[in-house]
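Enquirer:
Residue numbers (my numbering): -17 to 190.
1) Let's test the definition: count the other Cβ atoms within 10 Å of the Cβ of residue 96 and tell me whether it reaches 16, buried, or not, exposed.
2) Hey, how far is the Cα of residue 180 from the Cα of residue 164?
3) With DSSP run on the structure shown, which of helix, strand or coil describes residue 20?
4) Verify whether the separation of the beta carbon atoms of residue 131 and residue 140 is less than 7 Å.
5) Pick helix, strand or coil for residue 29, following the three-state DSSP scheme.
6) Report back the beta-carbon spacing between residue 116 and residue 92 to the nearest angstrom; my notes put them in contact at under 8 Å.
7) Is DSSP giving residue -10 helix, strand or coil here?
8) How about residue 89 and residue 64: are their beta carbons less than 7 Å apart?
9) Which residue from 176, 70, 133 puts its Cα closest to that of residue 158?
10) Would you decide whether residue 109 is buried or exposed? Buried here means 16 or more other CB atoms lie within 10 Å of its CB.
11) Is residue 14 helix, strand or coil by DSSP?
12) Are at least three pairs of beta-carbons, each pair with one atom in the region 67 to 83 and one in the region 38 to 51, less than 8 Å apart?
13) DSSP state of residue 188, grouped into three classes?
14) Just to confirm the assignment, what range does the beta strand (DSSP E) spanning residue 179 have?
15) At the level of alpha carbons, what is the spacing between residue 126 and residue 102?
16) Looking at the strands, I want to know which residues DSSP matches up with residue 115.
17) Tell me where the beta strand (DSSP E) around residue 167 begins and ends.
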């Protein structure tokens, strides 16, 4: 399979478009998006020859299901493998679901790998997609109301997206283009510019 144009990948839904209805069911827009992503993956990465395993349990209005699809195929010059697991739980009006998929395809003309997951709980949605192309291209995308990196030693969110186009940095930002002491430091107290010898030359903000 030849490397494909990344512009053909279905674009993620904008944050302003709801993913689930008030009753917890996916919106039409979300279902159309998932159908488009699945069709794209099957056409560009994964085989449609799959093995399906389904486990379900229900008691009245409470139900749970786990569905697993897997495929592996090799021809004289093409190999592919794909796996997808979907879980869903419902209790009256409360619903939650999640899906994880992983796929890879290789041929003389190129190779592609894709990985992703999504989670829904009530009206909340989060997801991630990652792709790599043998031609050198790769991309990772996240969808969530909030996103953060946490310091393992302090459990503090050091860099966060808190929604509404707002980013929060808990710490100092250091901008450096070489190995010398020349740099710019940005903190909550000001902006500080150092020369190559590490001497402070410009200070803006709370002057010390």
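Ideal Cβ positions, reconstructed from N, Cα and C, are used throughout, including at glycine.
Expert: Taking the geometry as given:
1) Along the chain shown, one-based indexing puts residue 96 at 114. When all chains shown are included, residue 96 counts as buried.
2) Along the chain shown, one-based indexing puts residue 180 at 198. Along the chain shown, one-based indexing puts residue 164 at 182. Going by the C-alpha atoms only, they are around 6 Å apart.
3) Residue mapping note: residue 20 aligns to position 38 of the chain shown, counting from 1. Helix, per DSSP.
4) In the chain shown, residue 131 corresponds to position 149, counting from 1. In the chain shown, residue 140 corresponds to position 158, counting from 1. Yes, Cβ-Cβ distance for residue 131 and residue 140 is below 7 Å.
5) As a first step, residue 29 must be located in the chain shown, where it is residue number 47. Unreliable placement is indicated for residue 29, whose pLDDT of 47 sits below 50; the coordinate value is still reported in the next sentence. Looking at residue 29 - three-state DSSP - the assignment turns out to be coil, as it is neither helix nor strand.
6) To locate residue 116, count along the chain shown from 1; it is residue 134. To locate residue 92, count along the chain shown from 1; it is residue 110. Right, the Cβ-Cβ distance comes to about 5 Å (below 8 Å), so this counts as a contact.
7) Locating residue -10 in the chain shown gives position 8, counting from the first residue. Of the three classes helix, strand and coil, the one that applies to residue -10 here is helix, per DSSP.
8) Mapped onto the chain shown, residue 89 falls at position 107. Mapped onto the chain shown, residue 64 falls at position 82. With respect to the 7 Å criterion, residue 89 and residue 64 are not classified as neighbours on the basis of their beta carbons.
9) Walking along the chain shown from the start, residue 158 turns up at place 176. Nearest C-alpha to residue 158: 176.
10) Within the chain shown, numbered from 1, the residue matching residue 109 stands at position 127. Buried: at least 16 other Cβ atoms inside 10 Å.
11) Within the chain shown, numbered from 1, the residue matching residue 14 stands at position 32. Three-state result, residue 14: helix.
12) yes
13) Against the chain shown, residue 188 aligns to sequence position 206. Coil, per DSSP.
14) Looking up residue 179 in the chain shown gives position 197. Taken as a continuous stretch (DSSP letters only), residue 179 belongs to no beta strand (DSSP E), as it is neither H nor E.
15) Start at 1 with the first residue of the chain shown, and residue 126 comes out as number 144. Start at 1 with the first residue of the chain shown, and residue 102 comes out as number 120. If you take the alpha carbons of residue 126 and residue 102, they lie about 11 Å apart.
16) Residue numbering aside, residue 115 sits at position 133 when the chain shown is read from its first letter. 94.
17) If you number the chain shown from 1, residue 167 lands on position 185. Here the beta strand (DSSP E) through residue 167 covers 165 to 168.
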